[in-house]
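Numbering follows UniProt numbering, with no gaps: position 22 of the sequence shown is 22.
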Amino acid sequence: MSIGNFLVRAAKAPLGVFRRRDDRRGESKHWSHERSPEILHSRLMPAATYSPWLADAGFTAAYQRIKKFTLVDIYRCYELWELAKQSVRVDGAIVEVGVWRGGTGCLLALAAPEKRVYLADTFAGVVNASAHDTRYAGREHADTSEDLVQGLLDSAGLKNARLLKGRFPDETAAMVEGRVALLHVDVDVYESARATVEWAMPRLLPGAAIVFDDYGFYGCEGVTRLVNELRGQLPGFWFLYNLNGHAVLMRTAGTHPET
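Pasting the structure below:
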């Protein structure tokens with residue numbers, strides 16, 4: 001296929017289940033959810049073509065193992081892989097809140113076998129949906145189980161990952177020991193993400209990072225709103241919006257946890 005034909009086909013690709021009505025009619029170049037008019041969306045087609053994951057044999061093997069157990073695409077998975085590998089430079093554990101079937105949690109544990117990895121989920125679907133959220137009402141992504149995730153971890157021979165079943169942080173955060181070097185927030189909704197970040201803040205040393213999945217996705221405006229609020233409230237952090245659907249907050253040098 002020629003590059004010209006590829007670009008034409010890509011431009012015509014559907015937006016998926018959240019495709020907006022005015023896009024189908026071609027009436028607007030951008031749109032927003034009626035409950036979040038300040039969060040604007042448009043079709044994104046970054047032009048960069050460098051694909052380092054293609055030459056990373058370790059990532060490729062890990063991704064092949066976990067890809068059927070995650071809804072996270074290869075671009076975000078590779079970013080998690082790299083951040084987990086770099087997190088070994090920072091004191092603390094890796095924590096993922098919002099595990100679903102365990103794909104990205106397994107990936108994080110494979111990337112940093114020397115790190116303690118905590119994987120927290122209710123295993124009963126999304127909780128704490130509120131008026132801040134647009135798509136989610138609660139109980140979505142309940143098609144999983146603790147046994148299913150543990151089976152994936154066992155099949156990969158992982159000994160550094162621990163499952164935390166229950167609402168985080170209320171029911172399971174006490175099981176996390178020490179600092180946090182990398183926090184992956186994949187909870188889909190505002191209130192759960194907010195509670196997770198509030199718990200994590202005192203545990204982040206300089207160089208530690210929080211990665212928010214779903215930032216910028218139509219239907220996940222609650223997470224986008226929370227991160228935008230945090231950008232103005234946390235002067236001790238660098239902020240990065242990766243166009244693949246991640247927002248990253250990294251604690252900068254010279255700032256210190258409260259406890």
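Backbone N, C-alpha and C define an ideal beta-carbon position, used for all residues, glycine too.
Judging by CA-CA distance, which residue of Y75, F168, H30 is the nearest neighbour of A48? Closest in C-alpha terms to A48, from the list Y75, F168, H30, comes Y75.
Alpha carbon to alpha carbon, how far is N242 from V223? 14 Å
Alpha carbon to alpha carbon, how far is D147 from E191? Give it in angstroms, no decimals. Distance between the alpha carbons of E191 and D147: 27 Å.
Ordered along the chain, which non-local residues of its own chain (more than five positions away) have a Cβ less than 8 Å from that of E38? S32
Just list the alpha helix (DSSP H) runs in the region 38-102, keeping only unbroken ones of 4 residues or longer that don't cross its boundaries, in chain order. 57-66, 74-86
Note the first and the last residue of the continuous beta strand (DSSP E) segment covering D213. Note, D213: beta strand (DSSP E), 204-213.
Going by beta-carbon coordinates alone, are S36 and T134 separated by less than 9 Å? yes
Residues bridged to L182 (per DSSP): I94, A209
CB contact flag (Y136, D188, <9 Å): At a Cβ-Cβ threshold of 9 Å, Y136 and D188 count as neighbours.
Could you tell me if H184 is buried or exposed, where buried requires 16 or more neighbouring beta carbons within 10 angstroms of its beta carbon? buried
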